[in-house]
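A.B. asks: Take a look at the following structure, please.
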Amino acid sequence: MTLFGPPANDTSGSNAGSAEEAKQAATGGRPPRILIAEDEYLIALEIENRLLDAGFEVVGIAVTADEAISIAGSTSPDLAIMDIRLAGRKDGVQAAIELFTTLGVRSIFATAYADARTHERASAASPIAWLQKPYSAEALIKVIEEYLK
């Protein structure tokens, strides 16, 4: 199963420059810094590659909630891409809540688990958005760009 569709078309026009400038302006002149919390290795690598291609900086890939919290504490990401199911005892909801309450880092939940109970549990993390797997890289990037405006 493929998580993402084909790469986006080349956008090497004036709009691409202005989008890149807007992203960097929203983060103090540097590329936006993103943490990925995903325990499926190939999915995490695909997300990382697509984010890098879009001009974002990936500060790390975490496979557990504790690892996500640790990486965020040392790298200060602008946001996190968070799966609900992670390796270890804690899940992505617990990690996202801790990231938000201790570091002010908000999350985009990218998961197959988006039932009402999970949404309710995650409300304490003040999520940016929910993306249902499988989702496109373009949809993820659009959500990130909208958040950074």
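According to this note's numbering, the stretch in the sequence shown is residues 94 to 242, in order.
Glycine included, each C-beta is placed from N, C-alpha and C at the ideal position.
1) Could you give the first and the last residue of the continuous beta strand (DSSP E) run that contains Val-151?
2) Got a sec? Which residues, its chain only, sit under 6 Å from Ser-219 by beta carbon, not counting five neighbours each side?
3) Determine the burial state of Pro-227: buried for a count of at least 16 other Cβ atoms within 10 Å of its Cβ, exposed for fewer.
4) Take Ala-189 and list the residues in its own chain whose beta-carbon comes closer than 6 Å to its own, dropping the five residues that flank it on each side.
5) Relative to the alpha-carbon of Pro-124, which residue among Leu-145, Phe-149, Arg-143 and Ile-162 has its alpha-carbon at the smallest distance?
6) What do you reckon, are the CB atoms on Gly-181 and Thr-204 nearer than 8 Å?
7) Would you mind giving the Cβ-Cβ distance between Gly-153 and Leu-196, rounded to the nearest angstrom? I have them listed as a contact below 8 Å.
8) Thr-195 by DSSP, collapsed to three states: which one?
9) Are Glu-207 and Gln-225 touching if we call contact CB-CB under 8 Å?
C.D. replies: Concretely, from the data shown:
1) As a position in the sequence shown, residue 151 is number 58, starting the count at 1. 150-155 is the span of the beta strand (DSSP E), which, as asked, contains Val-151.
2) Position 126 of the sequence shown, counted from the first residue, corresponds to residue 219. Excluding sequence positions up to five before and after Ser-219, its CB lies within less than 6 Å of the CB of Phe-193 and Arg-199, all in the same chain and listed in chain order.
3) As a working mapping, residue 227 is identified with position 134 in the sequence shown. With fewer than 16 other Cβ atoms within 10 Å, it is exposed.
4) Here residue 189 is taken as the residue at index 96 of the sequence shown, counted from 1. Cβ neighbours of Ala-189 beyond the five flanking positions: Met-175, Ser-200 and Ala-218.
5) For the purposes of this step, residue 124 is taken as the residue at position 31 of the sequence shown. Checking every option, the nearest Cα to that of Pro-124 belongs to Phe-149.
6) By 1-based counting over the sequence shown, the position of residue 181 is 88. By 1-based counting over the sequence shown, the position of residue 204 is 111. No, these two residues do not count as a Cβ contact at 8 Å.
7) Against the sequence shown, residue 153 aligns to sequence position 60. Against the sequence shown, residue 196 aligns to sequence position 103. With a Cβ gap of about 14 Å, Gly-153 and Leu-196 do not count as contacting.
8) What you label residue 195 is simply residue 102 of the sequence shown in a count that begins at 1. In this structure, Thr-195 counts as helix in the three-state DSSP scheme.
9) Locating residue 207 in the sequence shown gives position 114, where the first residue counts as 1. Locating residue 225 in the sequence shown gives position 132, where the first residue counts as 1. Correcting the residue identity first, residue 207 is Ala in this sequence and not Glu. Against a cut-off of 8 Å, the Cβ pair of Gln-225 and Ala-207 comes out as a contact.
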